[in-house]
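Residue numbers (numbering that gives the first Met the number 0), protein chains in the order written: chain A, 0 to 213; chain B, 0 to 179. Think of the CB as a built atom: it goes at the ideal place given N, C-alpha and C, for glycine as much as any other residue. Notes to accompany the following structure.
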Amino acid sequence: MLNYIWLALIVIGIGVALGHDLTSDPGSGASERYPVLNKVTNEGIIGSAKTAVTLAIGLIGIMALWLGIMKVAEQAGLIALLARALRPITTRLFPDVPADHPAMGAMIMNISANMLGLQNASTPFGLKAMEELNTLNKKAGTATNAMCTFLVINTSNVQLIPATVIAIRAASGSANPTEIIGPAILATACSTIIGVIVVKALAKLPMYKKQLEA
Amino acid sequence: MNAIVALIEVVSVIAIPGLVLFVVAYGAFKRVKIYEAFVEGAKEGFNVGVKIIPYLVAMLVAIGIFRAGGAMELLSVAISPITSLIGMPAETLPMALMRPLSGSGALGVMSEIIKVHGADSLIGRMVSVMMGSGETTFYVIAVYFGSVAVSKTRHAVPAGLVADLVSVVTSVWLANLIFG
């Protein structure tokens with residue numbers, strides 16, 4: 000599916016830009032004949048490639064920090080404690096993962112950080128969880144059912160306090176910047192529940208089952 | 000209401016130093032060699048950062064082309080007749096389309112809409128709910144799967160997109176119900 004989405008983004012993106020530049024009259028004195036295509040080249044292609052590396056490099060320090068803290072928490076037994084407390088939920092969500100597997104602790108840390116809106120910490124915990132889930136993967140390069148479920152919980156983002164949104168609303172002179180918290184939590188809860196149902200249902204489809212066979 | 004804003008500020012300021020302090024202090028209490036343990040864990044940070052680069056480049060370049068070429072605006076116009084059926088104002092469409100693609104992009108769209116329509120307008124509230132309940136799905140997919148070199152993502156993408164769709168539809172419905 001990612002192959003099709005990738006193709007669609009690129010073909011439609013360049014197609015629309017080309018269409019725009021060919022149909023609009025640059026007018027006399029226009030400095031460039033293909034303004035949108037140039038924007039695609041500079042911002043879209045070259046700029047994004049650079050941004051990707053800047054983002055990844057920027058992540059290294061934060062990754063190191065949280066993976067370090069996670070290791071301390073692990074050795075102190077904190078992660079196991081958390082994993083044990085949430086075992087009734089996690090074993091149902093991830094039946095293929097042993098209840099005391101380190102992946103469970105990392106996933107719980109990631110979801111908790113997400114709920115608190117600590118994006119800096121949630122990504123490192125999430126990547127640690129993926130690494131642990133991958134140790135249970137029998138077919139390298141292919142996502143397991145547990146990985147897909149974990150990803151959907153992550154992309155449906157269970158955030159209790161959308162701090163950035165509230166900050167922007169407060170700065171824009173809203174009389175009640177926090178009034179959106181309730182509906183946002185409800186919407187996010189709906190999307191997580193439906194997302195988990197859908198991911199579990201899709202996992203049973205023959206076309207996705209087949210991909211797991213070696 | 001100011002009390003809630005103040006409380007949220009306190010929580011978001013305290014959360015990270017509080018978590019670091021708690022883990023380190025608890026580790027010391029449990030007689031963990033905290034410094035050695037930290038360094039051992041932190042070592043993996045570099046590898047993960049480097050490993051995700053190709054996946055992130057692939058994803059961000061495709062999204063970048065789509066955004067810079069103006070395809071987002073065209074798509075908004077094309078699907079607005081459908082989305083108006085569920086009570087979704089056309090002005091909020093760029094937000095719904097941008098949310099799964101780019102976090103900073105979505106923040107920009109939200110700020111712009113709030114500047115034009117006001118934070119306490121129905122449209123301003125609706126995009127705020129969308130921003131708060133959505134997630135940058137494609138970034139998460141690229142980074143998470145990239146870190147373990149998974150390129151066959153199976154049903155993660157369709158399920159993630161369904162969750163995004165549910166989040167948008169529910170946001171629109173709730174905003175209309177509560178603020179409309």
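Inset, instruction - Going by CA-CA distance only, name the one from A:Val-151, A:Glu-131 and A:Gly-57 that's closest to Thr-187 of chain A. - result: In terms of CA proximity to Thr-187 of chain A, A:Val-151 leads the group A:Val-151, A:Glu-131 and A:Gly-57.
Legend entry - Anticipated Cβ contact below 8 Å, Tyr-143 of chain B with Gly-125 of chain A, distance rounded: Contact between Tyr-143 of chain B and Gly-125 of chain A holds: CB atoms are separated by about 6 Å, below the 8 Å threshold.
Legend entry - Per-residue burial, Ile-192 of chain A [other beta carbons within 10 Å of its own, 16 or more giving buried]: Under the 10 Å beta carbon count, Ile-192 of chain A is surrounded by fewer than 16 other beta carbons and is classified as exposed.
Legend entry - Nearest-angstrom Cα separation, counted from Thr-154 of chain A out to Pro-182 of chain A: Taking the straight line from one Cα to the other gives about 18 Å.
Inset, instruction - Could you work out which residues of chain A lie near Tyr-33 of chain B, taking near to mean beta carbons separated by less than 8 Å? - result: A small correction: the amino acid at residue 33 of chain B is Ile; Tyr does not occupy that position in the sequence shown. By Cβ distance, chain A contributes Val-71.
Legend entry - Whole-angstrom distance between Ile-88 of chain A and His-100 of chain A, CA atom to CA atom: Put simply, the backbone Cα of His-100 of chain A is about 14 Å away from that of Ile-88 of chain A.
Legend entry - Buried or exposed (CB count within 10 angstroms, at least 16 for buried), Glu-130 of chain A: Buried, because 16 or more other Cβ atoms sit within 10 Å of the Cβ of Glu-130 of chain A.
Legend entry - CB contact check: Ser-79 of chain B to chain A, cutoff 9 Å: Not one chain A Cβ lies under 9 Å of Ser-79 of chain B.
Legend entry - the segment 109-120 of chain A touching the segment 136-144 of chain A, judged by at least three CB pairs closer than 8 Å: No: the two stretches stay apart, fewer than three of their Cβ pairs being nearer than 8 Å.
Inset, instruction - Can you give me, in chain order, the residues of the segment 34-47 of chain A that have a beta carbon less than 7 Å from any beta carbon in chain B? - result: Contact residues of the segment 34-47 of chain A toward chain B are Val-35, Lys-38, Val-39, Glu-42, Gly-43, Ile-44, Gly-46 and Ser-47 (C-beta to C-beta distance below 7 Å).
Inset, instruction - Give the secondary structure of Thr-141 of chain A by DSSP, where H, G and I count as helix, E and B as strand, and everything else as coil. - result: It is a strand residue.
Legend entry - 7 Å Cβ shell around Thr-177 of chain A - same chain, five flanking residues per side excluded: Taken in chain order, the residues that qualify are Ile-165.
Inset, instruction - Run down chain B in chain order and give the residues with a C-beta less than 9 Å from the C-beta of Val-52 of chain A. - result: One finds Ile-52, Leu-55 and Val-56 in chain B with Cβ atoms closer than 9 Å to the Cβ of Val-52 of chain A, taken in chain order.
Inset, instruction - Note down, in chain order, all residues in the segment 156-178 of chain A with a beta-carbon under 8 Å from any beta-carbon belonging to chain B. - result: Cβ contacts with chain B come from Asn-156, Gln-158, Ile-160, Pro-161, Ala-162, Thr-163, Val-164, Ile-165, Ile-167, Arg-168, Ala-169, Ser-171, Gly-172, Ser-173, Ala-174, Asn-175, Pro-176, Thr-177 and Glu-178.
Inset, instruction - Measuring only between beta-carbons, confirm whether Thr-89 of chain A sits less than 9 Å from chain B. - result: Output row for Thr-89 of chain A: interface = no.
Legend entry - Interface residues of chain B facing Val-151 of chain A [CB-CB closer than 7 Å]: The answer, in chain order, is Ala-155, Ala-158, Gly-159 and Ala-162.
Legend entry - alpha helix (DSSP H) segment containing Asn-133 of chain A, residue limits: DSSP places Asn-133 of chain A in the uninterrupted alpha helix (DSSP H) bounded by 118-133.
Inset, instruction - Measure the alpha-carbon distance for Val-56 of chain B versus Arg-66 of chain B and round it to whole angstroms. - result: Roughly 15 Å separates the two Cα atoms.
Legend entry - Short CB-CB distance (under 9 Å) between Thr-82 of chain B and chain A: So no, Thr-82 of chain B is outside the interface.
Inset, instruction - Verify whether the separation of the beta carbon atoms of Ser-47 of chain A and Ile-62 of chain B is less than 9 Å. - result: One thing to note: Ser-47 of chain A has its Cβ within 9 Å of the Cβ of Ile-62 of chain B.
Legend entry - Min CB distance Val-96 of chain A to chain B below 9 Å: For Val-96 of chain A, no CB of chain B lies under 9 Å from its own CB, so it is not counted at the interface with that chain.
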